[in-house]
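Okay, so here's the structure we're looking at.
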Amino acid sequence: MFTQELSQELLVKVKRIEKFIGNTPLFPIKKLLQKPKVEIYAKLEWHQLGSSVKARPAFNIIKEAILAGELHEDKILIDASSGNTGIAYGAVGAALGIPVTLCLPENASKERKMNLKALGVNIIYTSPLELTDGAQRQAKALYEALPYKYFYADQYANENNWRAHYLTTANEIYQQTQGLITHFITGLGTTGTFMGTSRRLKELNPAIEVIEVHPNSPMHGLEGWKHMETALVPKIYHPELADQSRKTDTFKAYHLIKQAAQKEGLLLSPSSAANLSAALELAESIDEGVIVTVFPDSADKYGEVIQKLFN
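Per our numbering, numbering through the sequence shown is continuous, rising by one, with the last residue being 1649.
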């Protein structure tokens, strides 16, 4: 049974792992860009607990739910994910003693499935044809059937998703560029990274341009990304915040994985390469500026993709 004493113990654990969330390095892209007056930097988001950008929202969602008394060791956190948020939930949940159940599209990478199982996450597989939309529907249905058993994190509608980036990612970027950032660009999944980071950057300097990136096809092959014209649109998404919208090509991103490895020494995931591709295209369209993007994760969870590219 959940008690006040258990609550205090849980809060101590939360405080202990908070220092392992965020504060990721900003990496300069030098050899893939040949414009002297334009700089590109990327946040290496795999340098934190859970090994991806999703550590930030997963931790913030869990932390705020604990503070509100909605989540504790006697409840199961349930949500939908393409993998990275689930791994972050699993890592934070394991550290806090909170069980996690995840609805996951069956076509998620083998490495992601393995990581989730290693963290003790209970996986419920959903149709690969429905992508994360199908996983969302399944997670919501399970919660509605057993609300006393589950805490539904609902990352696509939870305001603590984008607030994580408002409180951390944006401030880190601004400080790391010494306030010189002129453009922020990143892809859309739950949209939390774009929404939270952009909101705060606009407060710090309204002249900073914020650019959202969409896949150029419904069947795009970028895990976690959403093709907004055909997908369930996250409730936290507000398109009016973007100064520009751009599209990215999956095949171009995959080609860039090899270039980034051989020229920059970075082993990128497809999502990170897609953000880099969009940043490079943006760089070609401006005369000068400091562009910052986000590399959500590394190639560690994409062994099959990397093997095909480098064989």
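Glycine included, C-beta positions come from ideal geometry on N, C-alpha and C.
All of these numbers come straight from a predicted model, not from anything done at the bench.
Endpoints, the beta strand (DSSP E) within which residue i is located
| i | result |
| --- | --- |
| K1381 | V1376 to L1382 |
| P1363 | Looking at the DSSP string, P1363 is not in any beta strand (DSSP E), and its letter there is neither H nor E. |
| Y1490 | Y1488 to Y1490 |
C-alpha gap between residue i and residue j, whole angstroms
| i | j | result |
| --- | --- | --- |
| F1489 | L1370 | 44 angstroms |
| K1585 | A1611 | 13 angstroms |
| L1605 | L1382 | 11 angstroms |
| G1388 | Y1427 | 8 angstroms |
| D1587 | S1390 | 22 angstroms |
| V1630 | I1511 | 8 angstroms |
| K1413 | F1589 | 42 angstroms |
| I1546 | S1583 | 15 angstroms |
| K1487 | N1649 | 47 angstroms |
| Q1597 | W1563 | 22 angstroms |
| L1484 | I1400 | 19 angstroms |
| E1567 | M1557 | 12 angstroms |
| V1551 | A1380 | 15 angstroms |
| N1445 | E1561 | 9 angstroms |
| S1420 | L1469 | 8 angstroms |
| E1578 | V1548 | 11 angstroms |
| P1608 | I1574 | 24 angstroms |
| R1592 | I1416 | The question names Arg, yet the displayed sequence has Tyr at residue 1592. Looking at the two C-alpha atoms, the distance is approximately 32 angstroms. |
| R1538 | Q1645 | 39 angstroms |
| A1617 | T1507 | 18 angstroms |
| I1519 | P1544 | 11 angstroms |
| G1407 | A1477 | 21 angstroms |
| E1602 | S1636 | 13 angstroms |
| G1525 | S1555 | 14 angstroms |
| E1356 | F1397 | 8 angstroms |
| G1424 | P1366 | 29 angstroms |
| T1341 | T1528 | For T1341, the predicted model reports a pLDDT of 49, less than 50, meaning its position is unreliable and no value from the coordinates is stated. |
| A1491 | L1480 | 12 angstroms |
| I1461 | A1621 | 41 angstroms |
| N1498 | N1613 | 23 angstroms |
| L1457 | V1632 | 25 angstroms |
| A1473 | K1375 | 44 angstroms |
| D1581 | L1409 | 37 angstroms |
| L1405 | K1353 | 12 angstroms |
| Q1372 | L1594 | 16 angstroms |
For residue i, the residue or residues it bridges with in DSSP
| i | result |
| --- | --- |
| N1460 | T1439 |
| K1585 | H1552 |
| D1417 | L1440 |
| G1517 | Answer is none; G1517 lacks a bridge partner. |
| Y1504 | Partner(s): none; Y1504 has no beta bridge. |
| D1523 | Before going on, a small fix: residue 1523 reads as Ile here, not Asp. Per DSSP, I1549. |
DSSP three-state assignment for residue i, whether helix, strand or coil
| i | result |
| --- | --- |
| T1631 | strand |
| D1638 | helix |
| I1546 | coil |
| F1340 | Only weak support exists for where F1340 lies, its pLDDT of 45 falling under 50; the value from the coordinates is given anyway. Three-state result, F1340: coil. |
| F1532 | helix |
| L1606 | strand |
| P1485 | coil |
| V1571 | coil |
| Q1597 | helix |
| E1671 | Outside the modelled stretch of the chain, which goes from 1339 to 1649, sits residue 1671, for which no answer is possible. |
| Y1592 | helix |
| V1643 | helix |
| K1455 | helix |
| E1408 | coil |
| F1648 | helix |
| K1369 | coil |
| Y1494 | coil |
| S1465 | coil |
| V1352 | helix |
For residue i, the first and last residue of its enclosing alpha helix (DSSP H)
| i | result |
| --- | --- |
| T1423 | N1422 to L1434 |
| I1404 | A1393 to L1405 |
Residue i CB to nearest heavy atom of the ligand PLP below 7 angstroms
| i | result |
| --- | --- |
| M1452 | With respect to the ligand PLP, the structure offers nothing, as it holds no ligand at all. |
Min CB distance residue i to chain B below 8 angstroms
| i | result |
| --- | --- |
| A1406 | This model lacks chain B altogether, as it is built from one protein chain only. |
Notebook entry, point to check: Touch check for the segment 1532 to 1540 and the segment 1613 to 1628: three-plus C-beta pairs under 8 angstroms?
Noted result: no
Notebook entry, point to check: Is the segment 1354 to 1364 touching the segment 1465 to 1475, taking contact as three or more C-beta pairs under 8 angstroms?
Noted result: no
Check: Taking contact to mean at least 3 C-beta pairs separated by less than 8 angstroms, is the segment 1447 to 1454 in contact with the segment 1635 to 1649?
Finding: yes
Next item on the list: Spell out a yes or no on whether the segment 1347 to 1356 and the segment 1433 to 1442 are touching, meaning 3 or more CB-CB pairs, one atom from each, closer than 8 angstroms.
Entry: yes
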